[in-house]
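Listed in order, the protein sequences are those of chains V and Y.
Numbered per this note's numbering, the first sequence spans residues 680 to 786.
Numbered per this note's numbering, the second sequence spans residues 680 to 786.
We put the beta carbon where it would ideally sit given N, CA and C, even for glycine.
2 protein chains.
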Amino acid sequence: MPEPPYYAVVFTAVRTEGDHGYAARNERMMELATARPGFLGIDSARGADGLGITVSYWRDEESIAAWREDAEHTLARADGREQWYASYALHVARVERAHAFTRPAGA
Amino acid sequence: MPEPPYYAVVFTAVRTEGDHGYAARNERMMELATARPGFLGIDSARGADGLGITVSYWRDEESIAAWREDAEHTLARADGREQWYASYALHVARVERAHAFTRPAGA
Numbered sequence: 680m681p682e683p684p685y686y687a688v689v690f691t692a693v694r695t696e697g698d699h700g701y702a703a704r705n706e707r708m709m710e711l712a713t714a715r716p717g718f719l720g721i722d723s724a725r726g727a728d729g730l731g732i733t734v735s736y737w738r739d740e741e742s743i744a745a746w747r748e749d750a751e752h753t754l755a756r757a758d759g760r761e762q763w764y765a766s767y768a769l770h771v772a773r774v775e776r777a778h779a780f781t782r783p784a785g786a
Numbered sequence: 680m681p682e683p684p685y686y687a688v689v690f691t692a693v694r695t696e697g698d699h700g701y702a703a704r705n706e707r708m709m710e711l712a713t714a715r716p717g718f719l720g721i722d723s724a725r726g727a728d729g730l731g732i733t734v735s736y737w738r739d740e741e742s743i744a745a746w747r748e749d750a751e752h753t754l755a756r757a758d759g760r761e762q763w764y765a766s767y768a769l770h771v772a773r774v775e776r777a778h779a780f781t782r783p784a785g786a
């Protein structure tokens with residue numbers, strides 16, 4: 680990751696029951712997003728209670744806006760509202776500072 | 680949640696094997712954090728692969744700094760580095776826009 684500032688998009692969602700084509704489309708969206716200019720990284724976790732959090736990191740707001748306008752991504756968002764998600768929240772945030780820790784080997 | 684701007688703290692972590700007192704301390708930290716002035720909300724998910732993401736939301740940077748200086752929280756962070764986490768990353772970000780979706784009832 681570069682030095683801040685950069686951007687984080689936090690997507691927090693509860694899925695509906697069943698797949699409804701979600702897994703394949705999600706894989707395709709990951710493939711498209713990770714190839715976009717300005718894409719920096721993505722982390723995703725879904726707990727046993729059904730709550731999922733995906734955080735993607737982007738160089739700037741322009742990169743986020745361009746990905747938002749991608750035609751396949753726009754269709755996938757519509758399918759998300761119609762089929763895949765019971766609820767979601769999206770936060771776009773400017774990362775102001777960051778740090779990372781990795782456990783020393785053997786510790 | 681209020682209208683932006685407010686702040687998000689994104690904590691992404693891989694746990695070590697075993698509990699080492701984590702569950703009880705995590706519960707205590709949740710109790711303390713949610714009672715802090717400026718605390719707005721928290722979402723947490725841990726996937727089957729061991730990656731966990733916790734996003735807490737705060738009114739301003741001062742609220743985050745004050746929680747960071749809390750004595751029990753400071754000790755818990757040290758225990759986290761010594762025992763609970765194989766690796767983690769922390770991002771502090773200013774939320775610039777947000778929206779939420781809830782599936783219409785019966786849809």
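query, result
"C-beta atoms of Y/GLY729 and Y/VAL693 nearer than 7 Å", "yes"
"Amino acids of chain V, ordered along the chain, whose beta-carbon sits closer than 7 Å to that of Y/LEU730", "ASP722 and ALA724"
"Straight-line Cα distance separating Y/GLU741 from V/GLY726", "31 Å"
"Contact residues within the segment 744-771 of chain V, judged by C-beta distance below 9 Å to chain Y", "GLY759, ARG760, GLU761, TYR764, ALA765, SER766, TYR767, ALA768, LEU769, HIS770 and VAL771"
"Residue closest to V/ASP758, alpha-carbon to alpha-carbon, out of V/TYR701, V/ASP739 and V/THR691", "V/TYR701"
"Unbroken beta strand (DSSP E) run spanning Y/THR781, endpoints", "764-781"
"Pick from Y/ARG756, Y/GLY720 and Y/ARG773 that is closest to Y/SER766, judged by C-alpha positions", "Y/ARG756"
"Whole beta strand (DSSP E) elements within the segment 690-761 of chain V, 3-residue minimum", "718-725 and 730-737"
"Span separating the alpha-carbon of V/ALA768 from that of Y/GLN762", "33 Å"
"Assigned exposure category for Y/GLY731 - 16 Cβ within 10 Å defines buried", "buried"
"Nearest-angstrom Cα separation, counted from V/HIS699 out to Y/SER735", "31 Å"
"Where Y/ALA784 falls: helix, strand or coil (DSSP)", "coil"
"Residues from the segment 688-718 of chain V in contact with chain Y, defined by Cβ distance under 8 Å", "VAL689, THR691 and THR695"
"Chain Y contact residues for V/ALA784, given Cβ-Cβ distances below 9 Å", "Those do not exist, as V/ALA784 stays about 11 Å from chain Y at its closest Cβ, beyond 9 Å."
"Local Cβ density within 10 Å of V/HIS778, reported as buried at 16 or more and exposed below that", "exposed"
"Presumed contact (8 Å Cβ cut-off) between Y/VAL771 and V/GLU775, rounded CB distance", "6 Å"
"Partner residues on chain Y for V/GLU775, Cβ-Cβ distance less than 7 Å", "VAL771, ALA772 and ARG773"
"Residue burial classification, V/THR733 (beta-carbon count within 10 angstroms, cutoff 16)", "buried"
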